[in-house]
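Okay, so the sequence shown: first residue is 7 according to my numbering, each after it adds one. Please read the structure below before turning to the comments.
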Amino acid sequence: ARLARTLRGDLDTIVLQALQKDPSRRYASAEAFADDIARYLDGLPVRARPDSWTYRTGKFVRRNRGMVLSGLSLLLTIAFFTVGSVVQAIQLQRERDVARRERDRAQAVADFLSEVFGASAPENALGTEPTARELLDRGAERIRADERMDPELKASLSAVIGNVYQGMGLEQQALPLFEEALATQRATRPDPDVEQVETAVNLGYSLMQLGDFDRAIPTFEQAVAWAEALPEATPRLRINAERALGIAFTRNGRYAEARVRLEEALARARAEGDTVLELSAANDVGQLEMDSGNWAEAAEIHQRVLNRREATLDPLHPNVLTSLNNLAIALEQTTRFAEAAVAYDTLLARSGRLYGPESGTHATYLNNAASFFKRAGQPERALPLQEQALDIYTVSHGDSSAYVAMAYNNLANILHDLGQTRDAAALHRRALALNLALYGEVHFRTAGSYNNLAAALRDLGDLDGAIENYRRTLDIDRRASGEDHPFTATDRVNLASALSAHGVWSEAEAQFDSAAALQDRVLEPMNTDRALRLVEEGIHAMRRGDPEVAVPLLREALRIDEAGLPPTSTQVAYARTALGAALVRTGQREEGVELLRSGYARLREAAGPQSRGALQAAAWLREAGADPR
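Here it is as structure tokens:
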């Protein structure tokens, strides 16, 4: 078990550095790679891992265990005389036996990794340097194919390779390795131990990322039960297992159960006096508040965590950047857009310095910033950030990873906002193909791809294709996320809007009614998703010749949007144009034309004159007898 914990620290770090695409960030030679493995075997701090006092101290204690234990033995001898000496001698002999066995395993693991991953050293490339994915695949295949390998060694190696796959976002590849590792550990050591807890947590994480909550949650629950029952489990291990279960409940929309677990983990971390763990647990609670729509509470929590981290850590510490990212997202959702923009600018500047401009972590922050600027109605500013993120993900994670699928989707949405709808549809098809390969049909990411493709098809005039894909989206979200999830309400609104445009009015109204009932149950009154529904219901009423019904719906939608979104938002602009059209049709031409002009100007500027919103606004202006130009 101690070996596994070390492997998931130093050896993971060594392997990840050996796989760096940028030669300046990789080991300079095979000798440098071998030297770091030798340092690991000797219990010395490895050069691939960031230095810290606690890291070096831990290494010293493990490296000089005999000396440290001898010192303890002397004190115990003074206190307990001969009996204590005998007990200590027996304990020391057991420690030496365990250490010898673990060192043999560690040497075997290190030899294997050196042989497999040393191929990425520059002098071994010869113009055909293997990619990180190829090296990992090669290592995984070697582990599976070697039937003579010691089962415990095979389990340890599977866990190491699984962790590296996981770090690259390749959960489909990580999953079977964790499954095999845990099965072997259970077969060779039927009584649960610390290593099994750690493997179960990693297995649960892969299952969770793949959307298999039916297996992920029981796996985490088992890890928690094992950790609580093991006398040798550290408080940190027990707390982290409980955090993992709470996070899974959060992701699955089981917020009440998540709150119990995460608040318990936070209380235990505080009681232990472990500040680092306490702030990580507080961050989890902040994420729960974000996922459950309590954005103001989330912003307060993330601000407190950031303040405490900045007070004790370097501004470029990864945990500080994590808090800055989470705070930026929460500020965005609480409509504090100016503060969010400053937070994102600070985050990108620091991330580029800490991780380098081509790292996967920096790409994630670029991706988040791009999403913010898109939502803030600045797609032209979002575009270069998202393009940069996609380029980095393609190099750092491979062109078939979950990160690339996400970047394709986000880039397509930005292009859609800019009026480049055909290009957007093509990218959405690529994202959909990747998500189907990565997650299968019944997964919220696959549903998102179908939804976004449907929106592009609708704007291209293919209403039949749009309706088909909206139906598929709704079916998947009902199965993957549940009938009462906010996703399901949004899906019903989108389907209803397309049905209304196609003249299928009775079904459209049934979908609108179902969406309204669900949103009333699960969303706050001022949630901007409610405004989207009200706009589409208002437009539907106008199609049916009832502008008087439309006006109050659209006034309420605009009130919500203006309170929750920046003035530059295209969602605000579209609500303005729809209300303007309804007012014109009810004889309130002056106010209506003013709203139409202001909304059209923004839609034309942000999304282009050929975007669906701009074209519709232009048509409404002409209907009002006003020149769109």
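All C-beta atoms in this analysis are idealised placements derived from N, C-alpha and C, irrespective of residue type, glycine included.
By DSSP, does residue i sit in helix, in strand, or in coil?
i: ALA355; result: helix
i: ASN258; result: coil
i: THR574; result: coil
i: ASN533; result: coil
i: LEU181; result: helix
i: THR341; result: coil
i: ARG608; result: helix
i: MET296; result: helix
i: ASP280; result: coil
i: VAL510; result: coil
i: GLU447; result: coil
i: GLY383; result: coil
i: MET214; result: helix
i: GLU568; result: helix
i: HIS434; result: helix
i: SER406; result: coil
i: ARG154; result: coil
i: ARG139; result: helix
i: THR479; result: helix
i: ARG464; result: helix
Let me confirm a value: residue i is counted as buried when at least 16 other C-beta atoms fall within 10 Å, else exposed. Which label applies?
i: ALA151; result: exposed
i: ARG635; result: exposed
i: ARG274; result: buried
i: ALA355; result: exposed
i: ARG315; result: buried
i: ASN169; result: buried
i: ASN258; result: buried
i: GLY509; result: exposed
i: ASN313; result: exposed
i: THR60; result: For THR60, the pLDDT reaches just 38, beneath the cut-off of 50, and the residue's location in the model is therefore unreliable, although a value from the coordinates is still provided. Result: exposed.
i: SER512; result: exposed
i: GLN616; result: exposed
i: PRO553; result: buried
i: GLU140; result: exposed
Leaving out the 5 sequence neighbours to the left and right, which residues in its chain are closer than 6 Å to residue i when beta-carbon positions are compared?
i: THR427; result: ALA462, ASP465, LEU466
i: TYR580; result: GLY619
i: GLN622; result: none
i: PRO157; result: THR190, THR194
i: GLY646; result: The displayed coordinates of the chain run from 7 to 635. Any statement about residue 646 would go beyond what the structure contains.
i: TYR409; result: GLY175, TYR399, HIS403
i: ALA632; result: VAL599
i: ALA229; result: VAL203, ALA206, VAL207, ALA247
i: ALA537; result: ALA563, ILE566, ASP567
With distances taken between CB atoms, is the gap from residue i to residue j smaller than 9 Å?
i: TRP232; j: PRO198; result: yes
i: LEU380; j: ILE335; result: At residue 380 the sequence reads Lys, which differs from the Leu that was named. No. Outside cutoff.
i: TYR445; j: THR479; result: no
i: SER503; j: ALA516; result: no
i: ASN325; j: VAL282; result: yes
i: LEU505; j: ILE473; result: yes
i: MET155; j: LEU142; result: no
i: TYR261; j: SER286; result: no
i: ALA522; j: ARG539; result: yes
i: ALA613; j: PRO385; result: yes
i: ALA430; j: ALA413; result: no
i: VAL311; j: ALA247; result: no
i: HIS449; j: GLY217; result: yes
i: ALA161; j: GLN172; result: no
i: ALA225; j: ASN289; result: For the record, residue 225 in the displayed sequence is Thr; it is not Ala. Not closer than 9 Å, so no.
Please go through the same chain and pick out, in chain order, the residues whose beta-carbon is closer than 7 Å to the beta-carbon of residue i, but skip the five residues on each side of it.
i: GLU153; result: none
i: GLU1; result: Lying before the first or after the last residue shown, residue 1 is absent from the chain, which here runs from 7 to 635.
i: VAL541; result: LEU560, ALA563, TYR580, ALA581, ALA584
i: ARG595; result: ALA630
i: GLY454; result: ASN415
i: ALA349; result: LEU330, LEU333, ALA334, LEU337
i: LEU322; result: ARG356, ARG359, LEU360
i: ARG276; result: GLU284
Quick one: residues in its chain with C-beta nearer than 8 Å to the C-beta of residue i, no 5 flanking neighbours on either side, listed in chain order?
i: THR534; result: ILE566, ASP567, GLY570, LEU571, GLN577
i: ASN475; result: TYR456, ASN457, LEU459, ALA460, LEU463
i: ILE482; result: GLU447, VAL448, HIS449, PHE450, THR452, ALA453, TYR456
i: THR352; result: LEU330
9 Å is my cut-off, CB to CB: does residue i come that close to chain B?
i: LEU353; result: Considering every chain present, this structure includes no chain B. It has just one protein chain.
Check whether the segment 330–345 and the segment 562–572 touch, using three or more Cβ-Cβ pairs below 8 Å as the test.
Because the criterion of three Cβ pairs below 8 Å is met, the segment 330–345 and the segment 562–572 touch.
Taking 8 Å as the threshold, find out whether the segment 494–502 comes into contact with the segment 523–542 through three or more Cβ pairs.
With three or more CB-CB distances shorter than 8 Å, the segment 494–502 counts as touching the segment 523–542.
Cβ contact check for the segment 249–256 and the segment 197–214: 3 or more pairs under 8 Å
Contact holds: three or more Cβ-Cβ distances are below 8 Å.
Just checking, does the segment 397–413 make contact with the segment 358–368 on the three C-beta pairs under 8 Å criterion?
Yes, since at least three Cβ pairs between the segment 397–413 and the segment 358–368 fall closer than 8 Å, the two stretches touch.
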